[in-house]
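Contents: one structure, followed by commentary.
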Amino acid sequence: MYKKTNTDSVREEVRQYFKEGDYGIAIFAACLGISLALVGAVMLLILVKGFAHFMPNDLHSYEVRLSGSETTLKIAGEVAARERITHQVLIESGYTPAVKKDLYERILLKNGNRELGRDYRWILVDDILAKEQDPDLTLIERYSYGNFYGTPQSIKPINPATEELSISYEEGEGGEDADRGEWQAKLKSVLRYNKKIRKEMAKLQSKKIDKINYRLEKIRLETNRLKIRKEATAEKLQELEAKRTELYAMAQEAEEQLVLLDDQLNQHELHMLTADGTAVAINFSQIVRLYQSNQLGFGGRSKVYLARLAEFVSGKPRESNTEGGVFPAILGTVMMVLLMTIFVMPLGVITAFYLYIYAKQSFITRAIRIAVNNLAGVPSIVYGMFGLGFFVYTIGGSLDQLFYPEALPTPTFGSGGILWASLTLALLTLPVVIVSTEEGLTRIPRHLPEGSMALGATRFETLWRISLPIVSPSIMTGMILAIARATGEVAPLMLVGVVKLAPSLPLDGNFPFLHLDRKFMHLGFHIYDVGFQSPNVEAARPLIYATAALLLLVVLMLNSIAIIIRNRLRESYKNLS
Amino acid sequence: MNKKTISGRETGKSNSINNIEKPENNTLITAEGLYLYYDNNEEAALKNISMKIEKQKVTAFIGPSGCGKSSLLRCFNRMNELSSTCRLEGKIHIQDQDIYDPEVNIAELRRNVGMVFQKPNPFPKSIYENVAYGLRIQGEKDKDKINQIVKSSLKAAALWGEVKDRLNSTAINLSGGQQQRLVIARAIAVQPQVILLDEPASALDPISTLKIEELIHELKKQYTIVIVTHNMQQAARVSDYAAFLYLGKLVEFGKTNDIFTKPRKKMTEDYITGRYG
Ligand SMILES: Nc1ncnc2c1ncn2[C@@H]1O[C@H](COP(=O)(O)OP(=O)(O)OP(=O)(O)O)[C@@H](O)[C@H]1O
Ligand SMILES: [Mg+2]
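Residue numbers (my numbering), protein chains in the order written: chain A, 40 to 616; chain B, 5 to 281.
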């Protein structure tokens with residue numbers, strides 16, 4: 040009997056608990072927790088994997104038994120991956136292990152030195168006979184052929200005629216560091232000098248050569264235009280010809296300067312020895328940077344990390360996008376999204392206002408509204424097709440016929456470009472803006488616009504001075520959603536202007552600075568291209584994460600700006616009845 | 005501008021009308037045979053209403069909820085037109101101008117006939133901007149003039165003392181009574197001839213109500229006021245004329261004193277004495 044009352048009271052307590060609605064809070068909390076955990080996990084994975092890539096790893100040298108023979112191989116590099124596989128899989132991959140086990144552990148060694156052979160190698164842990172973390176092991180990042188791993192021998196001048204002596208690297212045998220002051224100084228000075236020369240070359244390229252080429256192209260088009268319009272008088276042509284000659288002379292001069300500078304880069308070689316004893320001479324002009332990770336402490340590693348990260352964010356891609364930076368893709372993404380915002384916001388807001396205020400609630404308005412809502416569900420690739428068919432071919436083609444006949448058959452606006460891409464995405468995000476703006480409009484208390492009109496304001500004045508400010512947070516919400524959607528969209532862009540490698544940026548120093556007809560690079564497409572279209576998937580993999588992390592950061596940045604603005608606006612209207 | 009003006013203060017024509025007015029003919033607004041339909045197939049919300057509203061007097065509309073007081077009030081500044089299905093029959097003249105004449109400039113009419121709503125509706129702007137709103141709409145650029153009108157309007161609405169130190173803070177944070185006086189100031193700032201007050205004190209405490217009533221007394225000297233109220237004492241206190249509406253019909257209209265002391269209709273008497281509704 041006592042027991043019974045006890046369960047009764049428990050039951051009562053449970054009933055009470057549910058009555059008070061606490062269970063609701065528990066469920067909410069659980070759902071919120073799960074969503075946050077999922078989002079957090081995705082972000083964490085991408086950010087960690089993406090940004091860890093730039094940290095220099097320990098370098099290892101191994102002595103490895105070769106399959107089915109007594110010979111051994113010395114090899115050096117860094118561990119890129121580690122996995123366990125079964126005997127079966129190993130046999131199927133054409134490898135006979137020395138001992139039979141159920142599970143084998145193997146590592147993927149990035150051993151670089153692409154000019155000598157494969158730059159990635161799977162090594163069975165059981166096959167490793169000796170392992171060492173040689174402090175002299177050096178990683179050289181190069182402009183071509185990828186990384187080089189080896190031990191330095193000497194720095195030699197390329198031109199044997201010079202008086203300069205070669206400086207050799209004394210290996211720190213017996214733990215005692217040899218006196219490398221001279222070596223370090225030489226290395227540093229050559230690297231610094233080359234860096235300076237490179238900067239000058241880049242400046243020459245962008246400030247002079249690109250500009251000259253741009254102007255030459257303009258003159259070519261101008262000549263064509265005159266011919267097409269039959270205005271090509273001998274006088275005018277002569278004038279253009281004179282300009283052209285002048286530019287050619289300038290171009291030649293610049294080219295010569297460039298060659299001179301390039302010669303200065305090629306003054307020294309770094310002689311290296313690979314782990315298996317092959318001697319390789321590396322021209323200093325090939326070296327991006329080099330470091331001996333095993334000797335670097337935390338500070339040293341951080342320095343390298345920051346330098347690599349900076350190159351990734353601000354540099355141009357190299358080696359068919361698997362190395363170097365993604366700056367053109369960042370710029371392309373941001374610009375495309377900004378342009379999209381500029382197109383979609385006025386269009387969406389005006390449409391919403393029209394639907395809400397001016398259009399009578401008729402069959403047509405209802406039809407438009409249903410259409411708008413359904414447009415949000417159309418797969419994005421369909422928008423891409425529309426953009427290609429309508430914007431690029433129809434409008435772009437006509438624009439070319441009308442305004443750029445001199446460039447034909449090369450299309451100006453008649454092929455994909457940043458303008459068409461952003462317009463396509465504007466179309467794609469239009470429903471979002473319309474719906475959220477209209478939602479905001481329906482929430483405006485009716486007595487506010489009425490109060491304005493009772494003071495003699497017209498509908499338009501009321502809309503402009505009362506409704507628009509009140510609805511602005513909703514408009515910003517629409518903008519946030521539109522930006523988020525547009526930044527993440529890749530499929531339609533592939534049809535209307537995104538390319539793997541754009542020769543020039545859509546924004547540069549040549550008048551009119553913003554080139555809407557140009558093709559552009561995009562972080563999302565970059566991920567696809569590097570990850571799945573690249574000839575060297577192993578080398579590209581870490582970059583996928585890094586690029587994805589950047590894409591995430593770009594979305595976050597753009598959205599945070601919009602959210603900050605929205606919160607400011609909201610603050611002003613938060614007490615609205 | 006070929007639109008006819010209503011305001012009368014600026015046009016010579018209306019002035020001359022003012023001049024020839026006989027002292028006993030103080031009528032400002034005339035309504036004749038008004039029928040108001042909110043929806044074509046619905047019953048009329050106002051049925052055959054005719055009345056004359058005197059200049060610089062307070063006219064009160066009383067009657068049970070839903071009888072059409074607000075609807076009638078909103079006919080005088082054509083606010084009913086905001087709902088597209090609304091249709092009005094009959095005529096309303098303000099100073100001999102037919103305000104439903106298609107040539108009338110509605111914005112100007114509404115400037116001349118100000119309105120204060122049942123629920124205070126300050127704009128989500130600063131106190132100053134709320135009062136200056138009407139002037140800005142009219143394109144007034146002269147800062148000194150705006151400053152001066154804002155100040156005088158707030159003073160006229162008995163709000164100046166309370167807000168003079170925070171003119172630039174948001175109007176949303178004012179109390180209900182202050183908000184109601186603010187929207188009155190906002191209406192006064194455009195210097196209308198007529199002010200329509202739709203239950204201006206319905207949401208206020210007795211003290212704020214009293215302030216509004218004093219304000220109405222004050223405003224009467226300059227403006228013609230039409231007020232809707234549910235409060236019989238209030239109607240008796242503030243109004244010179246009273247109209248009793250019932251189910252869209254004008255049951256009785258006359259001097260407030262007469263209506264409250266010797267109503268001609270039984271229905272009016274029942275309503276006033278509280279035997280009805
Ligand atoms: N915008 C509108 N659309 C349709 N019907 C309306 C509209 N406004 C008012 N009505 C109807 O017209 C009638 C009169 O309404 P009105 O608002 O004039 O009443 P009222 O006398 O002001 O009432 P209250 O004292 O409650 O404010 C009511 O039946 C109401 O339902
Ligand atoms: Mg009412």
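Built from N, CA and C at the ideal position, the CB exists for glycine as well. As the structure is a prediction and not an experimental result, all values here were calculated from the model.
Neighbouring residues, chain B, relative to residue i (Cβ below 7 Å)
i, result
"L487/A", "N125 and F127"
Buried or exposed by the 16-neighbour rule on C-beta atoms within 10 Å, applied to residue i
i, result
"P95/A", "buried"
"C71/B", "buried"
"G143/B", "exposed"
"C70/A", "exposed"
"H221/B", "exposed"
"N302/B", "Any question about residue 302/B goes unanswered here, given that chain B covers just 5 to 281."
"R538/A", "As written in the sequence, residue 538/A is Val, which differs from the Arg given in the question. So V538/A ends up on the buried side."
"T272/A", "exposed"
"Y101/A", "buried"
"E144/A", "exposed"
"N606/A", "exposed"
Amino acids of chain B, ordered along the chain, whose beta-carbon sits closer than 9 Å to that of residue i
i, result
"S513/A", "Chain B residues near S513/A: none, gap ~14 Å exceeds 9 Å."
Closer than 8 Å to chain A by CB, residue i
i, result
"G143/B", "no"
"G118/B", "yes"
"H167/B", "According to the sequence displayed, residue 167/B carries Val and not His. No, its Cβ sits nowhere closer than 8 Å to a Cβ of chain A."
"F121/B", "yes"
"A111/B", "yes"
"R91/B", "no"
"G70/B", "no"
"Y39/B", "no"
"Y137/B", "yes"
"V255/B", "no"
"V187/B", "yes"
Within chain A, the residues that residue i reaches when beta carbons sit closer than 8 Å
i, result
"L86/B", "E489 and M492"
"R115/B", "L494 and G495"
Residue i at chain B interface by Cβ criterion, 8 Å
i, result
"I509/A", "yes"
"S599/A", "no"
"T497/A", "yes"
"I409/A", "no"
"E669/A", "Look at the range of chain A in this structure, 40 to 616, and you will see that residue 669/A is not part of it."
"I505/A", "yes"
Under 7 Å from the C-beta of residue i: neighbouring residues of chain A
i, result
"K81/B", "The amino acid occupying residue 81/B in the given sequence is Asn; Lys does not appear at that position. What N81/B touches in chain A: A493."
Backbone secondary structure at residue i - three-state DSSP
i, result
"G364/A", "coil"
"D249/A", "helix"
"F127/B", "coil"
"H92/A", "coil"
"G67/B", "coil"
"E122/A", "strand"
"M560/A", "coil"
"F187/A", "strand"
"Q325/A", "helix"
"S243/B", "coil"
"A35/B", "strand"
"S228/A", "helix"
"P531/A", "helix"
"S132/A", "coil"
"T449/A", "coil"
Within chain A, the residues that residue i reaches when beta carbons sit closer than 9 Å
i, result
"V194/B", "L494 and G495"
"R190/B", "G490 and L494"
"V62/B", "Going along chain A, no residue has its Cβ under 9 Å from V62/B, so there is no contact; the nearest lies around 19 Å."
Amino acids of chain B, ordered along the chain, whose beta-carbon sits closer than 8 Å to that of residue i
i, result
"S611/A", "P128 and T174"
Test: residue i CB closer than 8 Å to a CB of chain E
i, result
"V510/A", "In the structure shown, chain E cannot be found, because the protein chains are A and B."
Original post:
For ligand 1, which residues count as neighbours when the test is a C-beta closer than 5 Å to any heavy atom?
Top reply: For ligand 1, the selected residues are Y42/B, A49/B, S69/B, G70/B, C71/B, G72/B, K73/B, S74/B, S75/B and S87/B.
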